[in-house]
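Each remark here refers to the structure printed beneath this line.
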Amino acid sequence: MTDIRILDQFYIPVEERFERLTRLARSVPGIAVAAVSIVTPRRQRFKSVVGWNVTELPIELNLCRTTISEGGIVVVPDALRDKRFANHPLVDNSRGFRFYVGYP
10 MTDIRILDQF YIPVEERFER LTRLARSVPG IAVAAVSIVT PRRQRFKSVV
60 GWNVTELPIE LNLCRTTISE GGIVVVPDAL RDKRFANHPL VDNSRGFRFY
110 VGYP
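If you count by the working numbering, then the sequence shown holds residues 10 to 113, one letter each, in order.
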């Protein structure tokens, strides 16, 4: 946990190896956004994100909390129908996240 707290204080640069992964994930039909991120106690910082213009999110907007708390892969086919995500501000009918996969 100390290492994560240290990372929270600094800019985390994008790396090409993560860029390749997110581009590959985004190439799947129906996938609009793909990201690799580091979650710290205060925020989610993106090592790579394709399809969304964001570099970090406050921890309150983090979709990854469920993945972290469950300790394994989380696949959510429709976030609007999943009680863990349905009321999240990033999930809505018009433009929000619907499909989610997370791995800690």
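For every residue, glycine included, the Cβ atom is placed at its ideal position computed from N, Cα and C. Everything numeric in this text was worked out from a predicted model, so none of it was measured.
Simplified DSSP state of residue i, which is helix, strand or coil
{"i": "Phe27", "result": "helix"}
{"i": "Ala88", "result": "helix"}
{"i": "Ala41", "result": "coil"}
{"i": "Arg54", "result": "strand"}
{"i": "Ile68", "result": "helix"}
{"i": "Ser78", "result": "helix"}
Option nearest residue i by Cα separation, candidates the options
{"i": "Tyr109", "options": "Val85, Ser103 and Asp91", "result": "Val85"}
{"i": "Leu66", "options": "Tyr112, Leu89, Asp91 and Val48", "result": "Val48"}
{"i": "Phe55", "options": "Cys73, Pro38 and Gly39", "result": "Cys73"}
{"i": "Glu69", "options": "His97, Arg90, Asp91 and Glu79", "result": "His97"}
{"i": "Val59", "options": "Asp101, Gly81, Glu25 and Leu89", "result": "Glu25"}
{"i": "Ile82", "options": "Pro50, Gly111, Asp101 and Arg51", "result": "Gly111"}
Contact under 7 angstroms by Cβ, residue i with residue j
{"i": "Ala34", "j": "Ala41", "result": "no"}
Chain-order list of residues whose beta-carbon lies under 6 angstroms from that of residue i (same chain, five-residue window excluded)
{"i": "Gly105", "result": "Leu99"}
{"i": "Ser57", "result": "Val23, Phe27, Glu28, Thr31 and Val45"}
Own chain partners of residue i with C-beta closer than 8 angstroms, once the 5 adjacent residues on each side are dropped
{"i": "Asp87", "result": "Arg107 and Phe108"}
Chain D within 7 angstroms of residue i, Cβ atoms only
{"i": "Pro38", "result": "Looking at the structure shown, chain D is missing, and only one protein chain is on hand."}
Cβ shell of residue i (< 7 angstroms), same chain only, five flanking positions each side left out
{"i": "Ile77", "result": "Val48 and Pro113"}
{"i": "Arg93", "result": "Thr75"}
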